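Enquirer: Can you keep this structure in mind? I'll have questions shortly.
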Amino acid sequence: MSDQSEYKISKDDEHSIYASEINKEKLQNTASPDVDYGDTASLKIDPKVEKKLLLKMDLVISPIIGFLYLMAFLDRSNIGNAAVAGMTEALSLYGERLNVAVSIFYVLYILVETPSVVLVKRIKASRMLAFISFAWSMTVLFSGFMSSYGGLIATRLILGLLEGCLFPALNLYLTTHYTRKEQCQRLSYLFASAGLAGAFGGLFAYALEQVHAGNKEGWQWIYIVEGLVSFIGVPLCLFALPDKMENAWFLTREEREVAIIRRDINARYHGEQHFEWSEVRKAFKDPKVYVSATSQFCADMVLYGFSSFLPVIIKGLGFVGLQTNYMTIPVYIAGVISFLFVAWLSDRTQLRAVYLISASTVVAVGYIIMLASDSNAAKYTATYIIAIGCYIGPGLNLGWLNNNVAGHYKRATAIGIQQTLANSSGIVAGQIYRSKNAPKYILGNAFTLGCVIVGGLAYVVMFFSLRYVNKKRDERCARGEFDPSAIGDFADDFRYYL
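Below, the structure written as structure tokens:
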């Protein structure tokens, strides 16, 4: 039929597997019981059905994971809004106490990322995410009843412990259900959620600051209300988020068939279904994981630092109170739109490095203006320039690592390593962007500019290294040389995304 394809994974996933060769018994043993596959020898994917499948997946999965990450980002960053709303005086957050409270969040956050993401496969994702959502919502809710600095430190540590499990799990969930060429666009929805939290979180907090009821101050209501809203994620994960797409409640019988074919075509990318320590060790020994982690650290420094100095610059323009929050909105929106477009373009072209290097260049220009100019108008313009590239780095670089590490447990471990090292930048950012250095933040901005340059160089190193390996594999395959013992992303027929 003209509207059907053989769906060979060549550039998409580099597995020399055809849908027409999928084993019938394997399909029937793993599929939904209400699907009869008949003769799978002639199975092909109908592009129209696959398009409907992807649309339904996006309409169900993206809002759920987007909501989870939006609330997580709000709940971790509301400490700044609460401090302004009276928490500083109530909990005696003088001197460097607030900076310590901000930074200490990342201590347990980075320690749990690697072990937690390895567990996702062994525990149903829906249950794990529901538990995390419930526990962090309770933590935020009870933060509204804190009465001491020690209580703030305790809740920040617990929140870091729980949220450290969240993002790697969400990322791994996406890589499980979407092919390599589809992943960056879906990852962009997570980072867009963070951008929206930055854009409108301040307004939401400002509204809650005005509430003085039940013998609670405005800063307490910020925690209480945001904690209650976060609870919505629990039933969404338990009852709406599918663990296996072949059993998804929102798919038709025909769409489930396509979901199973897609899963089995990507078998090599997902790797062994049972846990093996050898896969974990492979991730720790893979140099590209550490190159990726270095560039991710640098990209996250931009993201964390950006949210620190943006309100200060806007205040310097003469805006105060609610006006400051309004002026941050278009900056964040510019960043969100930019990343959504670049992520879509990156998946369409199946290229990564060119967009990452370009984004680093743009961000570097923004920081140079920030450091060199004394004009607040120029600095405000620079925030737009930085915003255009600041989400592209963390999001696209993570997607690049997802694409180029094959085998579920190796990829899970690689993601954990990358995120653990990268999120330590949150600890650094909390110390180099200090209130005593406002409004210029010369130390913080200069350090971040240096990170942008180092991150850009890491992208270049990664690009040329992967291109070299691809070229060597092309040459070996042309000569008919294959290493049967090489598996995953080390296999001779696996090609890295560039």
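Going by UniProt numbering, the sequence shown opens with residue 1, and the numbers climb by one from there. Idealized CB from N, CA, C, for every residue including glycine. Remember, it's a predicted structure, so these values are computed and weren't measured experimentally.
Terminal residues of the continuous alpha helix (DSSP H) containing G218?
Expert: Here the alpha helix (DSSP H) through G218 covers 218 to 230.
Enquirer: Less than 7 Å between C-beta atoms, sequence neighbours within five positions excluded: which residues of the same chain meet that for D483?
Expert: Excluding residues within five positions, the ones whose Cβ falls inside 7 Å are D492.
Enquirer: Do the CB positions of R467 and L498 come within less than 8 Å of each other?
Expert: Cβ atoms of R467 and L498: closer than 8 Å.
Enquirer: The ligand SAH and Y384: does any heavy atom of the ligand fall closer than 7 Å to the residue's C-beta?
Expert: This structure does not include the ligand SAH; it has no bound ligands of any sort.
Enquirer: Run through the stretch 414 to 450 for me and flag every whole alpha helix (DSSP H) of 4 or more residues, listed as ranges in chain order.
Expert: Segments of the alpha helix (DSSP H) lying fully in the stretch 414 to 450: 425 to 432.
Enquirer: Taking 7 Å as the limit between beta carbons, can you name the residues of its chain near C184, skipping five residues before and five after?
Expert: These residues qualify, in order along the chain: A343, S346, D347, L396, G399.
Enquirer: Could you check whether A199 and I222 sit closer than 8 Å to each other, using their CB atoms as the reference points?
Expert: No.
Enquirer: Can you tell me whether W249 is buried or exposed, with buried defined as 16 or more other CB within 10 angstroms of its CB?
Expert: Under this definition W249 is an exposed residue.
Enquirer: Starting from S295, trace the alpha helix (DSSP H) in both directions and tell me its first and last residue.
Expert: Per DSSP, S295 belongs to the alpha helix (DSSP H) from 287 to 316.
Enquirer: Confirm, please, whether the CB-CB distance from S307 to I388 is below 8 Å.
Expert: No, these two residues do not count as a Cβ contact at 8 Å.
Enquirer: Are G416 and T88 closer than 8 Å when you measure CB to CB?
Expert: Not closer than 8 Å, so no.
Enquirer: Evaluate the contact criterion for the stretch 362 to 371 versus the stretch 159 to 167: three or more CB pairs, one atom per stretch, below 8 Å.
Expert: No: fewer than three Cβ pairs fall under 8 Å.
Enquirer: Buried or exposed for Y94, please, with buried defined as at least 16 other CB atoms from any protein chain shown within 10 angstroms of its CB.
Expert: Exposed.
Enquirer: Would you say Y391 and F167 are within 8 Å of each other, going by their C-beta atoms?
Expert: Not in contact: Y391 and F167 (Cβ atoms no closer than 8 Å).
Enquirer: Return helix, strand or coil for V362, following the three-state DSSP convention.
Expert: Correct three-state label for V362: helix.
Enquirer: Tell me the residue span of the alpha helix (DSSP H) that contains P330.
Expert: Taken as a continuous stretch (DSSP letters only), the alpha helix (DSSP H) holding P330 covers 322 to 349.
Enquirer: So what's R473 in DSSP terms, helix, strand or just coil?
Expert: R473 falls in the helix class under three-state DSSP.
Enquirer: Are there three or more Cβ pairs, one per stretch, closer than 8 Å when the stretch 426 to 434 is compared with the stretch 101 to 119?
Expert: Judged by Cβ distances under 8 Å, the stretch 426 to 434 makes contact with the stretch 101 to 119, as three or more pairs qualify.
Enquirer: How do the stretch 231 to 251 and the stretch 126 to 134 stand: do at least 3 beta-carbon pairs fall below 8 Å, yes or no?
Expert: Result yes; three or more Cβ-Cβ pairs closer than 8 Å.
Enquirer: If I'm right that S133 touches L68 with Cβ under 8 Å, what's the distance once you round it to whole angstroms?
Expert: Correct: roughly 6 Å between the Cβ atoms.
Enquirer: Shortest alpha-carbon distance to M327 belongs to which of I442, L251, A377, P394?
Expert: Ranking I442, L251, A377, P394 by Cα distance to M327 puts A377 first.
Enquirer: Where does the unbroken alpha helix (DSSP H) through V258 begin, and where does it stop?
Expert: 253 to 265 is the span of the alpha helix (DSSP H), which, as asked, contains V258.
Enquirer: Once the 5 residues before and after V312 are set aside, which same chain residues still bring their CB inside 6 Å of it?
Expert: Once the five neighbours on either side are set aside, the close Cβ partners of V312 are A438, P439.
Enquirer: How close, in whole Å, do the beta carbons of V234 and A130 come, if the pair is a contact with beta carbons under 8 Å?
Expert: Their Cβ separation, rounded to whole angstroms, is 5 Å, which keeps V234 and A130 in contact under 8 Å.
Enquirer: Mapping the DSSP letters down to three states, classify I123 as helix, strand or coil.
Expert: Looking at I123 - three-state DSSP - the assignment turns out to be coil, as it is neither helix nor strand.
Enquirer: Does the count of Cβ pairs from the stretch 290 to 304 and the stretch 148 to 160 closer than 8 Å reach three?
Expert: With a cut-off of 8 Å, the stretch 148 to 160 and the stretch 290 to 304 do not count as touching, because too few Cβ pairs lie within range.
Enquirer: If distances are taken between C-alpha atoms only, which option among D243, S92, F464 comes closest to H177?
Expert: Considering only alpha carbons, the answer is D243.
Enquirer: With distances taken between CB atoms, is the gap from V140 to G227 smaller than 8 Å?
Expert: Closer than 8 Å, so yes.
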